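K.L.:
I have a structure here, written as structure tokens, and I will follow up with some questions on it.
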Amino acid sequence: MNSLLKIHPDFKFNDRHYNEDEFCFFAKELAHSDKGFEQELSKFILEWFNENEFVQVTTSGTTGTPKAIQLKKEAMMNSALATASFFELSSNCKALHCLPMQYIAGKMMLVRALVLGWDLDFIKPDSHPLDGNTKNYDFAAMVPLQVENSLAQLHRITKVIIGGAKLNAALIDALKQIPTAIYETYGMTETITHVAVKKIQDDAFSVLPDITVSTDDRNCLVIDAPRLSDSKIITNDVVEILNGTKFVWLGRFDNVINSGGVKLFPEKIEEKLSGKIPHRFFVIGKPDASLGEKLILVVESNPYEIETSVFDGLDKYEKPKEILFVPHFSETETGKIKRAESLK
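Numbered according to my numbering, the sequence shown terminates at residue 413, and the numbering increases by one at each position without gaps.
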């Protein structure tokens with residue numbers, strides 16, 4: 070067992086204290102479970118306490134083929150400490166774990182609890198995490214679908230972070246009515262979950278402690294997080310830097326549409342259309358002889374007539390030149406839409 074990986078003395082898992090040996094024994098017993106989510110938990114606990122200095126994880130595959138990468142355990146511990154500092158979460162924090170353990174967000178919820186001494190409730194990750202649960206919590210991490218299905222119960226959690234997919238405007242409006250402090254996160258597997266967060270009432274992301282940001286010649290975000298990564302992380306996210314610790318996210322560089330010399334950010338257009346189209350949709354560029362690329366709207370539905378008034382809030386260049394209907398979008402395992410594959 071790695072001698073550096075000590076469990077905080079205040080750590081509790083489903084109402085029970087464990088030391089390192091007891092938790093590993095628990096994990097070995099759990100390996101025989103017939104429930105997949107418990108088997109994933111078992112695998113990660115045993116990997117966390119083995120002699121290796123790293124954990125192997127798989128990227129989400131949103132913009133390409135998922136790939137296996139190695140994350141240093143020390144860096145994961147530093148990430149946990151940064152989260153605790155930013156959100157002012159001390160030991161004995163009552164936290165809810167409702168995310169799949171095979172992804173970095175689920176792994177980090179457990180790491181935070183182990184390192185910081187949290188009182189962690191671990192439940193099956195599903196789309197209704199608070200159903201049948203009447204407890205109050207200090208902290209939880211969820212994906213948008215879980216939050217959307219928990220609107221009537223979120224007031225029982227003091228702080229909630231949301232990641233995994235973009236929040237739509239209608240959900241943001243609903244969340245603003247809830248007294249809980251709710252944050253949208255920015256991060257990826259390579260950054261060991263979030264490196265920046267913003268309250269849903271704000272436009273700009275603020276980075277966590279010991280992290281600074283800049284842009285490259287594409288105006289894409291460059292993350293300098295020496296406690297998380299040995300090298301700077303260059304992203305494909307186009308941003309506007311407000312200062313070294315704050316930025317506004319504009320969209321993915323891979324998705325930017327150059328239509329007649331005008332740069333269009335699909336994510337910003339989709340934000341304006343949110344709530345106006347009763348199906349999942351996205352906008353994307355399609356090769357065009359005169360414009361270079363023309364903006365098209367792709368809707369997950371059987372064909373129907375879309376009223377032109379739906380596009381009233383868009384600028385002239387943001388209005389779709391064509392509308393396509395697709396029966397089912399292609400998705401990653403975490404539910405993110407694969408735009409190019411869906412268009413094919």
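Even for Gly, the Cβ is constructed at its ideal location relative to N, Cα and C.
As the structure is a computational prediction, the values presented were derived from the model and not from experiment.
Measuring alpha carbon to alpha carbon, tell me which residue in K112, T127 and V229 is nearest F94.
P.N.:
Within the sequence shown, numbered from 1, the residue matching residue 94 stands at position 25. Closest by alpha carbon: K112.
K.L.:
What does the alpha-carbon distance come out to for the pair L115 and Q270?
P.N.:
Walking along the sequence shown from the start, residue 115 turns up at place 46. Walking along the sequence shown from the start, residue 270 turns up at place 201. The straight-line gap from Cα to Cα measures roughly 40 angstroms.
K.L.:
Decide if the segment 172-187 is in contact with the segment 80-95; the criterion is three or more beta carbon pairs, one per stretch, under 8 angstroms apart.
P.N.:
Yes: at least three Cβ pairs fall under 8 angstroms.
K.L.:
Terminal residues of the continuous beta strand (DSSP E) containing R349?
P.N.:
Numbered from its first residue, the sequence shown carries residue 349 at position 280. Where R349 is concerned, there is no enclosing beta strand (DSSP E), given that its DSSP letter is neither H nor E.
K.L.:
Give a yes or no on contact between the segment 195-214 and the segment 292-305, applying the rule of three or more CB pairs nearer than 8 angstroms.
P.N.:
Not touching, per the Cβ criterion.
K.L.:
Strictly under 8 angstroms for the Cβ-Cβ distance: is Y206 near chain B by that measure?
P.N.:
The chain labelled as chain B is not found in the depicted structure, where only one protein chain is given.
K.L.:
Could you check what DSSP says for N88 in three-state terms: helix, strand or coil?
P.N.:
Position 19 of the sequence shown, counted from the start, is the residue given in the question as residue 88. Coil.
K.L.:
Among all the DSSP beta bridges, which residues are the ones paired with G256?
P.N.:
As a first step, residue 256 is located in the sequence shown; it is residue number 187 there, counting from the start. Answer by DSSP bridge pairing, in chain order: H263.
K.L.:
Leaving out five residues on either side along the sequence, give the residues of the same chain with a beta carbon under 6 angstroms from the beta carbon of D279.
P.N.:
To locate residue 279, count along the sequence shown from 1; it is residue 210. The answer, listed in chain order, is R296.
K.L.:
Which ranges does the beta strand (DSSP E) cover as unbroken runs of at least 3 residues, wholly within the segment 176-244, from first to last along the chain?
P.N.:
Entirely contained in the segment 176-244, the beta strand (DSSP E) runs reaching 3 residues are, in chain order, 188-191, 206-211 and 226-231.
K.L.:
So is H397 buried or exposed if we call it buried at 16+ other beta carbons inside 10 Å?
P.N.:
Reading the sequence shown from its first residue, position 328 is the one you call residue 397. Exposed, since its Cβ has fewer than 16 Cβ neighbours within 10 Å.
K.L.:
Going by DSSP, what residues sit across from A164 in a beta bridge?
P.N.:
Against the sequence shown, residue 164 aligns to sequence position 95. According to DSSP, A164 bridges with L189 and F208.
K.L.:
Spatial neighbours of K315 within its chain, please: CB distance less than 6 angstroms, with the 5 preceding and 5 following residues excluded, ordered by chain position.
P.N.:
Looking up residue 315 in the sequence shown gives position 246. Result list for K315: A273 and S275, in chain order.
K.L.:
So K341 is in the alpha helix (DSSP H); what residue range does that whole segment cover?
P.N.:
As a first step, residue 341 is located in the sequence shown; it is residue number 272 there, counting from the start. P335 to L342 is the span of the alpha helix (DSSP H), which, as asked, contains K341.
K.L.:
Flag this pair as yes or no: are the beta carbons of L223 and T254 separated by less than 8 angstroms?
P.N.:
Stepping through the sequence shown from its first residue, residue 223 is reached at position 154. Stepping through the sequence shown from its first residue, residue 254 is reached at position 185. No, these two residues do not count as a Cβ contact at 8 angstroms.
K.L.:
What is the rounded straight-line gap between the Cα of L292 and the Cα of T281?
P.N.:
The residue you call residue 292 lines up with position 223 of the sequence shown. The residue you call residue 281 lines up with position 212 of the sequence shown. In the sequence as displayed, the identity of residue 292 is Ile instead of Leu. Spanning the two alpha carbons is a distance of roughly 6 angstroms.
K.L.:
Please list, in chain order, all residues of the same chain as K163 whose beta carbon is under 6 angstroms from its beta carbon, the five residues on each side excluded.
P.N.:
As a position in the sequence shown, residue 163 is number 94, starting the count at 1. Around K163: D188, Y206 and D207.
K.L.:
According to DSSP, is E362 part of a helix, a strand, or is it coil?
P.N.:
As a first step, residue 362 is located in the sequence shown; it is residue number 293 there, counting from the start. It is a strand residue.
K.L.:
Quick check on the burial criterion: 16 or more other C-beta atoms within 10 angstroms. Buried or exposed for R181?
P.N.:
Reading the sequence shown from its first residue, position 112 is the one you call residue 181. Buried, since its Cβ has 16 or more Cβ neighbours within 10 Å.
K.L.:
Put R287 into one of helix, strand or coil per three-state DSSP.
P.N.:
Your numbering for residue 287 matches position 218 in the sequence shown. R287: coil per DSSP, three-state reduction.
K.L.:
For the beta strand (DSSP E) that contains S275, what are its first and last residues?
P.N.:
In the sequence shown, residue 275 corresponds to position 206, counting from 1. Counting along the chain, the beta strand (DSSP E) containing S275 begins and ends at F274 to V276.
K.L.:
Do I76 and L150 have their CB atoms nearer than 8 angstroms?
P.N.:
Here the question's residue 76 lines up with position 7 in the sequence shown. Here the question's residue 150 lines up with position 81 in the sequence shown. No, these two residues do not count as a Cβ contact at 8 angstroms.
K.L.:
From A239 to V368, what does the alpha carbon distance come to, in whole angstroms?
P.N.:
Locating residue 239 in the sequence shown gives position 170, where the first residue counts as 1. Locating residue 368 in the sequence shown gives position 299, where the first residue counts as 1. Cα-Cα distance, rounded: 18 angstroms.
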